[in-house]
Amino acid sequence: METKYIFVTGGVVSSLGKGIISSSLACLLKARGYRVTIQKFDPYINIDPGTLNPYEHGECYVTVDGHEADLDLGHYERFTDIKTTRANNVTTGRIYQSVIDKERRGDYLGKTVQIVPHITDEIKRNVKALGNTGNFDFIITEIGGTVGDIESLPFIESVRQLRWELGDNCLCVHLTYVPYIAAAKELKTKPTQHSVKQLQEVGIQPDILILRTEHEISPEMRRKIALFCNVSPESVIQSIDVPTIYQVPLNMHAQHLDELVLRKTGVPVEGEPDMHRWITFLDKLRTATETVNIGIVGKYVELPDAYKSINEALLQAAAYNDHKLKITFLHSEKLNADNAGELLEPLDGVIIAPGFGQRGIQGKFDALKWCREHDVPTFGICLGMQCMVIEFARNGLGLERANSTEMDTTTPHNVIDLMEEQKGISNMGGTMRLGAYECCLTPGSTAARAYGSTTVSERHRHRFEFNSDYREQFEQAGMMCVGENPATRLVEVVEMPGKRWFVGTQYHPEYSSTVLHPNPLFVDFVKAAIAYKHERAAITEK
Ligand code: GLN
């Protein structure tokens, strides 16, 4: 079949969950056997979100091919099991950079370079790039921002043009918000009407409207919206608040979103999507009665999106262990040697979060010391793993001023040091060790046991690494280097075999965890946390 292009735009306000809607639709189409991918076009000028502070757009996600991406790509992968790449996330910055490079090369043959057609042509070329591979039946394109923003105009104009070029192979889904006015006890449709008008003004008639709402939308109200917005009532779909985002695909299916999309793009509707494994996962989430309490020690705790993939990987791991998840965020700047016990004692397991720079680092060391000495299941990720190494060097090996050269360039014991290939790099964008690398695990180690394999591939995002000059000293004292890159021999995983569960990974296993394939290391960590919880409960009972 010809490739179908589905555009998802948003109106009224941001944060309505375009990413979740796009992912849910992709999930359903994939479950019907179609080859689907999702891409995100972001209207900001940054080339990629790699240089953005988490306060701006939350976590920076990393694709297997080493692209630093918008966190929505994490949703795409978690909902669909597809592997996204650099081609799945394009920003205004990338578009302009490419157009300006072409202009400098003389590709435009003396023409005046303009937003229409040069920028829009470049956007369209990027929109169609994945479709042109012939690998996909459906390309879902999420347009970042809100309709009416100055900066998203060139994208919207490109969608308008593509709609004409692609005809029936193109569909526009618009997500809006229906606010509830408590004093009047009423849902209001006016913002939706205005938002659709705004789209129509720039030449786009949406085919399907999805309404984000906190209250049930009546059939009567759907008819009213349909009438005002030029769509059929069955094309008005509600996206009501649900306890978990993973419920959304089923809610969309219950309102026939997948069927509508097939019909409107001329694809015969046959059978039903196979969602049985998805439903099993949701049942596990819903029916679990026990809770596992996991602490995350990091400096962005007031900003849960900063650790999005970790939160989701934990939730998936808890569900597969038939437990509900409670996450306790602990601010690393507020944690110290005096309060560590009080804060950490109630937890069943502790994650030391990734991060950059000095801020909050001492709290991570203090948390790790307490966890190590009290044998709490502990998982260090990236900077968290590096902190595990530093804390153990200081308090286990007696190397007092041991540090990472990221924090102290004059440390006498650079147990974590800049990677050779990173020396001399001054450009900050896209220059870290990024993307998936193979890792060989020692047979019998906690990590190898958890994965059920001695070779794995996981994604990286860092500049510093374990300094192998210290390897023997660490191993003699009980911290083993059990994961190694086969090509470079970089140490990727450390663990303390004498402990209940004490593992640090230089890579980020959270990026590869999906609903249908939870990351094995997270599943094993949560399992250890549950066992520890039971052990403690048994002692208190006695
Ligand atoms: N700051 C550390 C490094 O660059 C760790 C990065 C991270 O946690 N992602 O090596």
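The letter at position 350 of the sequence shown is residue 348 when you use our numbering, and the numbering goes up by one with no holes.
Backbone N, C-alpha and C define an ideal beta-carbon position, used for all residues, glycine too.
Small disclaimer: the values here were computed from a predicted structure and weren't measured.
| Item | Value |
| --- | --- |
| Close-in-space but distant-in-sequence residues of the same chain around Glu508 (CB under 6 Å, 5 per side omitted) | Ser307, Ile308 and Ala311 |
| For Glu463, the three-state DSSP class (helix, strand or coil) | strand |
| Per-residue DSSP class, three states only, for Val246 | helix |
| Spatial distance of Ala535 from Val480 (CA atoms) | 32 Å |
| Inter-residue Cα distance where the pair is Leu313 and Ser510 | 14 Å |
| Cβ pair Thr211, Gln236 closer than 9 Å | yes |
| Contacts around Arg261, its chain only, beta-carbon distance under 8 Å, and the 5 residues preceding and following it disregarded | Val267 |
| Alpha-carbon to alpha-carbon, Val513 and Thr78 | 8 Å |
| Check whether Asp570 and Pro41 have beta carbons under 9 Å apart | Past the edges of the chain, shown from -1 to 540, lies residue 570, and the structure says nothing about it. |
| His251 beta carbon less than 9 Å from that of Leu207 | no |
| Supposed close pair Ser233, Val10 - CB separation, criterion 8 Å | Contact doesn't hold; Cβ gap of about 18 Å is too wide. |
| heavy atom of the ligand GLN below 8 Å from Met430 C-beta | yes |
| Any 3 or more C-beta pairs closer than 8 Å across the stretch 144 to 164 and the stretch 27 to 46 | yes |
| heavy atom of the ligand GLN below 8 Å from Thr402 C-beta | The sequence given here has Ser at residue 402, not Thr. Ser402 Cβ: within cutoff of the ligand GLN. |
| Secondary structure of Arg275, DSSP reduced to three states | helix |
| Unbroken alpha helix (DSSP H) run spanning Ser22, endpoints | Lys16 to Ala29 |
| Beta carbon of Gly48 nearer than 9 Å to that of Met417 | no |
| Beta carbon nearer than 5 Å to a non-hydrogen atom of the ligand GLN | Pro352, Phe354, Cys380, Leu381, Arg459, His460, Arg461 and Phe462 |
| His532 versus Lys497 - alpha carbon distance | 16 Å |
| Where Val111 falls, given that 16 or more other Cβ within 10 Å makes a residue buried | exposed |
| C-beta atoms of Thr242 and Leu209 nearer than 9 Å | no |
| Continuous beta strand (DSSP E) assignments of at least 3 residues falling wholly in the stretch 157 to 237 | 168 to 176 and 206 to 211 |
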